[in-house]
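**Q**
Protein chains in written order, with UniProt numbering: chain A, 1 to 647; chain B, 1 to 255; chain C, 1 to 273.
#1: Counting only beta-carbon atoms, is residue 475/A nearer than 8 Å to chain B?
#2: May I ask which residues mark the beginning and end of the alpha helix (DSSP H) holding residue 75/A?
#3: How about the region 386 to 403 of chain A and the region 232 to 245 of chain A: do they share at least three Cβ pairs that are nearer than 8 Å?
#4: For the region 147 to 181 of chain B, list the alpha helix (DSSP H) runs that are entirely contained and at least 4 residues long, ordered along the chain.
#5: Is there at least one Cβ from chain B nearer than 8 Å to residue 128/C's Cβ?
#6: Would you verify that the beta carbon of residue 227/C is, or is not, closer than 8 Å to some beta carbon of chain B?
#7: Can you check the region 84 to 126 of chain B for any alpha helix (DSSP H) of at least 4 residues that lies completely inside it and give the ranges in chain order?
#8: Taking buried to mean at least 16 other C-beta atoms within 10 Å of its own C-beta, is residue 226/B buried or exposed?
#9: Ordered along the chain, which non-local residues of its own chain (more than five positions away) have a Cβ less than 7 Å from that of residue 57/B?
#10: Please confirm if residue 203/C has its CB atom under 8 Å from at least one CB of chain B.
#11: Buried or exposed: which applies to residue 104/C, given that a residue is buried once 16 or more other Cβ atoms fall within 10 Å of its Cβ?
#12: Tell me, please, whether the CB atom of residue 53/B is closer than 8 Å to any CB atom in chain C?
#13: DSSP on residue 268/C, reduced to helix/strand/coil?
#14: Could you confirm whether any beta carbon from chain A is found closer than 8 Å to the beta carbon of residue 40/B?
#15: What separation, rounded to the nearest whole angstrom, lies between the Cα atoms of residue 460/A and residue 152/A?
#16: Which residues bound the alpha helix (DSSP H) around residue 44/C?
#17: Between residue 67/B and chain C, is there a C-beta pair that is closer than 8 Å?
#18: Taking contact to mean at least 3 C-beta pairs separated by less than 8 Å, is the region 131 to 138 of chain A in contact with the region 139 to 152 of chain B?
#19: Anything in chain E within Cβ reach of residue 134/B, meaning under 7 Å, just list it in chain order.
#20: Of all the residues that make up the region 204 to 217 of chain C, which are near chain B by a beta-carbon distance shorter than 7 Å?
#21: Using a Cβ-Cβ distance cut-off of 8 Å, determine whether residue 180/C contacts chain B.
#22: Please tell me whether residue 639/A has its Cβ less than 8 Å away from any Cβ of chain B.
#23: Give me, in chain order, the residues of the same chain whose beta-carbon lies closer than 7 Å to that of residue 136/A; leave out the 5 immediate sequence neighbours on both sides.
#24: Provide the residue span of the beta strand (DSSP E) that contains residue 183/B, from first to last.
#25: So the beta strand (DSSP E) residue 29/C belongs to, where does it begin and stop?
#26: Report yes or no: is there a C-beta of chain B within less than 8 Å of the C-beta of residue 138/A?
#27: Report the residues of the region 21 to 47 of chain C with a CB closer than 7 Å to any CB of chain B, ordered along the chain.
#28: Touch check for the region 128 to 137 of chain B and the region 162 to 171 of chain B: three-plus C-beta pairs under 8 Å?
#29: Kindly indicate the opening and closing residues of the beta strand (DSSP E) around residue 13/B.
#30: Taking C-beta pairs closer than 9 Å, name the residues in chain B that residue 236/C reaches, listed in chain order.
#31: Three-state secondary structure (DSSP) at residue 312/A?
#32: Alpha carbon to alpha carbon, how far is residue 12/A from residue 202/A? Give it in angstroms, no decimals.
#33: Could you confirm whether any beta carbon from chain B is found closer than 8 Å to the beta carbon of residue 197/C?
#34: Roughly how many whole angstroms lie between the Cα atoms of residue 214/B and residue 89/C?
#35: Answer with buried or exposed for residue 441/A, where buried requires no fewer than 16 other C-beta atoms within 10 angstroms of its C-beta.
#36: Using a Cβ-Cβ cut-off of less than 8 Å, give me the residues of the region 10 to 44 of chain A that come near chain B, in sequence order.
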């Protein structure tokens with residue numbers, strides 16, 4: 001095996017989206033030499049796709065807002081399955097994190113008196129989302145990117161080298177977290193451009209790789225979202241939490257087919273857009289669940305008044321949490337009241353003047369005009385649910401973002417689980433990135449400082465194993481391949497398409513026991529075939545090879561989703577079972593943890609029966625009394641079991 | 001839904017050489033050029049290198065040149081071409097090629113580092129910033145930039161003259177200077193940094209001959225020339241070519 | 001990395017060095033040459049016409065109309081114009097056409113105008129001929145050194161252009177006389193002059209320097225609400241700077257040609273009243 005280049009760092013951050021960059025900034029500011037690795041170019045991460053805004057109780061638009069209200073909304077949205085301490089920290093710290101962005105140069109839309117403007121969003125009691133038109137994610141990523149550059153400029157002035165304390169390795173992929181005993185010792189990665197392997201040795205690794213949406217066919221997620229971080233953590237021995245909760249955003253584009261799934265921001269509804277079926281009816285009024293009955297308008301007139309006078313009217317049901325709206329759209333389409341291309345109509349054209357639409361929703365206007373030939377100021381959009389976000393993720397400690405059971409491993413952002421419970425509210429992801437990105441960076445830096453001098457070691461054997469694993473797709477051809485038995489190699493693109501189709505059809509928005517069992521069989525079959533995924537050409541920027549490697553991660557994560565979804569026999573948030581259609585209070589106290597018992601990905605991967613994942617149940621932490629006291633008793637009884645109410 | 005077979009010519013190769021390769025490939029209703037490139041990848045050339053990400057015109061990764069014009073692959077609909085037309089796709093031609101449609105855009109990251117960052121005003125804590133919408137409008141327009149670097153690619157100052165690269169920041173980063181200079185709370189002046197002057201002295205504003213190709217190719221429709229570069233040139237004139245200002249500074253220096 | 005930060009030492013354009021090996025200087029399939037060719041033809045036509053007219057030193061006054069090329073007329077050899085814009089500032093030593101003295105200012109304004117710069121850099125200089133079409137020059141230094149660095153004086157020509165526009169406005173007012181200098185009349189020429197002066201003002205005020213001076217230079221619009229309003233208004237005009245540049249170029253030539261036709265006796269100015 002050739003010699004692989006090694007570098008030493010204090011903290012390695014995997015992923016350069018909002019959480020990763022925020023973590024890197026924090027770690028560097030706390031004195032840790034920090035490296036960031038990302039699959040795309042610096043500044044292109046999936047965070048740029050976020051449109052609506054950053055939820056933070058700054059009370060600029062409504063003075064009644066505060067962290068307690070935000071906490072309550074978050075818990076309700078997540079159907080009380082949230083890791084409550086995370087929800088608390090998130091609600092408390094989000095305003096500071098937003099204000100801090102301004103000191104780094106961010107320019108949010110303003111209120112009349114010059115403060116940060118805040119907009120309405122589904123599930124938020126008050127207008128709470130700091131935003132920039134409908135391109136808030138871009139503003140966030142650019143601000144963090146420019147802050148990183150500012151820190152590098154500082155370092156250059158002091159040391160003469162921009163990258164002496166903070167370096168971004170762009171277009172590189174991590175395939176393994178390396179360990180020294182139980183401790184993290186670094187990462188094994190390859191450079192996409194050259195295919196060259198390298199190792200970054202570090203006592204702290206922060207995983208901030210985002211989500212898993214590329215395992216589904218209809219998704220708003222980009223190619224990067226292959227669940228890398230989830231899989232890396234699993235293989236490093238850390239458990240994943242509640243992976244059955246996958247958020248289907250209610251409004252994705254449905255036509256033309258090539259853009260199916262691309263997001264239509266919730267701000268369209270927050271700013272006055274309404275959903276109608278093919279009969280022209282605002283059907284959402286028929287879908288308000290009991291737990292939300294008191295909070296939402298009963299008539300169109302009341303809903304319309306709310307935009308002007310939110311203190312004396314209730315909000316329209318279009319602004320219910322995303323899971324409710326997605327299910328409602330799904331039901332309408334199934335009942336034959338859908339739009340021509342299998343969605344429903346989302347209309348702003350009859351609700352706002354054309355110039356207001358263009359000003360408030362510029363990218364939506366642009367997106368529909370360019371991609372679908374639809375002028376949203378004149379006609380309705382066609383929308384339908386699209387896989388958008390995974391609430392489940394790496395199980396972490398609420399305060400420190402440390403992954404459970406693996407010292408030195410941290411996780412933040414979408415890759416981490418717990419914060420959003422069973423369903424995330426719009427706007428809470430960007431604030432999640434900032435709050436927990438910072439916490440992960442801080443504790444990773446502290447962990448690195450504590451292990452200074454005694455850095456964990458990286459063994460050559462481990463590096464060789466990782467390199468061999470990464471090179472396997474090149475030797476898949478011919479009879480010599482390990483499990484190939486002389487059969488022709490599989491095309492990774494075909495395998496990926498089959499995986500997406502299976503997950504979409506069998507573990508999608510509405511789930512049934514038999515279908516999920518079928519999905520597990522399909523996954524087992526794909527796993528075996530993926531061992532024979534072969535690629536042509538050489539290692540230099542070879543997308544076929546990259547995909548073949550990503551398949552391992554997608555298959556692992558998909559199995560977690562399917563197994564956990566099969567296990568949880570209730571419907572809650574982003575997990576809807578047709579055979580168990582109601583929420584079960586007994587399940588509220590249960591977390592499902594996925595583990596990969598054989599981290600080599602060896603035998604188990606080829607055995608269709610056993611699979612690679614084991615599932616454990618765990619009791620959730622009881623919610624702290626002062627936080628429970630923020631809710632009415634009548635509300636709590638809908639969610640909590642009797643014994644939780646009277647501890 | 002109707003589909004047809006389109007003729008594509010895609011540049012394949014690396015820094016050592018390469019050429020245009022022909023493909024016949026299926027095209028369906030509503031597809032964009034990136035869909036076709038992906039289809040070529042999935043069915044005919046699995047190792048065809050292309051950079052892409054969001055496929056919704058928001059990240060600016062899939063920049064390339066289509067029939068000789070710098071564009072985003074994901075925002076160029078196939079319906080803009082006739083069915084008989086051969087569609088030629090090449091990498092960006094202002095930057096070193098890496099492989100196939102992927103180029104080394106490091107030039108842009110270098111230039112980004114050379115623009116001094118936002119200088120926060122002294123005495124304002126986080127949460128105390130107050131800015132009026134009309135004061136942030138201009139900079140917000142520039143912050144719509146998705147850094148696709150099509151403007152950097154098309155700008156003849158560096159596209160046709162490699163030797164100008166060290167001295168010229170390019171439209172994207174001159175616009176960044178303008179953005180910061182128009183930021184209502186940027187305290188560069190107080191810290192002794194004159195962005196107007198450095199725009200010309202350090203970032204090569206004088207190379208720009210306002211021929212507006214940057215504005216023409218901008219997928220975000222940012223009026224780079226009219227709203228950023230020309231105002232920046234005028235601001236540089238304020239500093240450097242206004243005799244009254246010049247006289248004033250002479251007198252001030254003497255006293 | 002893919003985006004490493006090594007220096008790029010080589011020189012040359014799209015066909016050289018580490019760029020993708022493509023022999024063609026461009027791969028555009030549209031008629032990219034049409035715009036620069038049309039621009040060059042239009043500008044060339046104006047140059048030929050205006051040179052002829054400026055050096056002709058004849059047929060520029062037909063009461064009550066004075067050609068905008070000769071206004072104001074600042075030498076002793078000017079045609080007598082009653083109440084007209086002739087002020088003998090230079091005296092009798094100026095022998096050639098008096099148009100030369102004054103044309104420097106509007107020409108300088110247009111020559112340094114941000115739109116015309118684009119037009120002739122593309123049309124005449126081919127720097128570049130069109131976007132993503134390789135330019136033929138070995139070296140390029142843009143407006144960094146003499147003489148093109150002088151383009152930075154645009155705003156001073158703008159001030160001069162304001163004065164000239166003022167005088168042309170005065171000429172337009174004078175055009176409400178008849179050939180015997182009696183007020184309250186109007187002919188076809190008056191209309192031509194009106195059209196011209198509106199376009200001249202619109203072009204002059206839509207200038208980028210003007211936009212900068214009225215408000216663009218400010219950091220805080222919110223502290224200068226009136227200037228902000230004016231800046232927005234100028235900004236709207238500025239968006240049409242190119243159209244206004246061409247329209248006013250045509251109209252000024254038209255106004256001059258109209259005077260020429262009347263002065264040379266080709267036809268009489270039709271009077272409305």
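Think of the CB as a built atom: it goes at the ideal place given N, C-alpha and C, for glycine as much as any other residue.
Keep in mind that this is a model prediction, so the values were computed, not measured.
**A** So, to answer that:
#1: In the first chain, residue 475/A corresponds to position 475, counting from 1. Not one chain B Cβ lies under 8 Å of residue 475/A.
#2: As a position in the first chain, residue 75/A is number 75, starting the count at 1. Unbroken alpha helix (DSSP H) run through residue 75/A: 67 to 77.
#3: Contact check between the region 386 to 403 of chain A and the region 232 to 245 of chain A: three or more CB pairs, one atom from each, fall below 8 Å, which counts as touching.
#4: DSSP runs (the alpha helix (DSSP H)) wholly in the region 147 to 181 of chain B: 150 to 154 and 156 to 159.
#5: As a first step, residue 128/C must be located in the third chain, where it is residue number 128. Yes - at least one Cβ of chain B is within 8 Å of the one on residue 128/C.
#6: Position 227 of the third chain, counting from 1, holds the residue named residue 227/C. Not an interface residue.
#7: If we require 4 residues or more, the alpha helix (DSSP H) runs fully inside the region 84 to 126 of chain B come out as 106 to 114.
#8: Position 226 of the second chain, counted from the first residue, corresponds to residue 226/B. Flag for residue 226/B reads buried.
#9: Taking the first residue of the second chain as 1, we reach residue 57/B at position 57. Closer than 7 Å at Cβ, skipping near neighbours: 72, 74, 75 and 219.
#10: Locating residue 203/C in the third chain gives position 203, counting from the first residue. Not closer than 8 Å to any Cβ of chain B, the Cβ of residue 203/C fails to qualify, so no.
#11: In the third chain, counting from the first residue as 1, residue 104/C sits at position 104. By the Cβ neighbour-count rule, residue 104/C is exposed, with fewer than 16 other Cβ atoms within 10 Å of its own.
#12: To locate residue 53/B, count along the second chain from 1; it is residue 53. Look at residue 53/B: its C-beta is not under 8 Å from any C-beta on chain C.
#13: Start at 1 with the first residue of the third chain, and residue 268/C comes out as number 268. Taken through DSSP and simplified to helix, strand or coil, residue 268/C comes out as coil.
#14: By one-based count along the second chain, residue 40/B stands at place 40. No, its Cβ sits nowhere closer than 8 Å to a Cβ of chain A.
#15: Start at 1 with the first residue of the first chain, and residue 460/A comes out as number 460. Start at 1 with the first residue of the first chain, and residue 152/A comes out as number 152. Each residue's alpha carbon lies about 32 Å from the other.
#16: Indexing the third chain from 1 puts residue 44/C at position 44. Unbroken alpha helix (DSSP H) run through residue 44/C: 34 to 56.
#17: Locating residue 67/B in the second chain gives position 67, counting from the first residue. So, interface residue.
#18: The region 131 to 138 of chain A, when compared against the region 139 to 152 of chain B, does touch it at the 8 Å Cβ threshold.
#19: No chain E is present in this structure, whose protein chains are A, B and C.
#20: So the list reads 208, 209, 212, 216 and 217, given in the order they occur along the chain.
#21: As a position in the third chain, residue 180/C is number 180, starting the count at 1. Not one chain B Cβ lies under 8 Å of residue 180/C.
#22: Within the first chain, residue 639/A is the residue found at index 639, counting from 1. Residue 639/A does not count as touching chain B.
#23: For the purposes of this step, residue 136/A is taken as residue 136 along the first chain, with counting starting at 1. So the list reads 50, 51, 52, 53, 54 and 430, once near-sequence residues are dropped.
#24: By 1-based counting over the second chain, the position of residue 183/B is 183. According to the DSSP assignment, residue 183/B belongs to no beta strand (DSSP E), since it is labelled neither H nor E.
#25: Translated into positions along the third chain, residue 29/C becomes position 29. Premise fails: residue 29/C is in no beta strand (DSSP E) and is neither H nor E.
#26: Here residue 138/A is taken as the residue at index 138 of the first chain, counted from 1. Chain B contact via Cβ: present.
#27: Per Cβ criterion, the list reads 21, 22, 26, 27, 28 and 29.
#28: Verdict: no, contact absent.
#29: Taking the second chain and counting its residues from 1, the one referred to as residue 13/B is at position 13. Looking at the DSSP string, the run of the beta strand (DSSP E) that includes residue 13/B is 3 to 14.
#30: Taking the third chain and counting its residues from 1, the one referred to as residue 236/C is at position 236. Listed along chain B, no residue sits closer than 9 Å to residue 236/C by beta-carbon distance, the nearest being about 12 Å off.
#31: As a position in the first chain, residue 312/A is number 312, starting the count at 1. Of the three classes helix, strand and coil, the one that applies to residue 312/A here is coil, per DSSP.
#32: Walking along the first chain from the start, residue 202/A turns up at place 202. Walking along the first chain from the start, residue 12/A turns up at place 12. Going by the C-alpha atoms only, they are around 6 Å apart.
#33: Mapped onto the third chain, residue 197/C falls at position 197. At a cut-off of 8 Å between C-beta atoms, residue 197/C does not count as an interface residue with respect to chain B.
#34: For the purposes of this step, residue 214/B is identified with residue 214 of the second chain, where counting begins at 1. For the purposes of this step, residue 89/C is identified with residue 89 of the third chain, where counting begins at 1. The alpha-carbon atoms of residue 214/B and residue 89/C are separated by roughly 46 Å.
#35: Within the first chain, the letter at position 441 stands for residue 441/A. Looking at its Cβ environment, which holds 16 or more other Cβ atoms inside 10 Å, residue 441/A is buried.
#36: Correct list: 40, 41, 42, 43 and 44.
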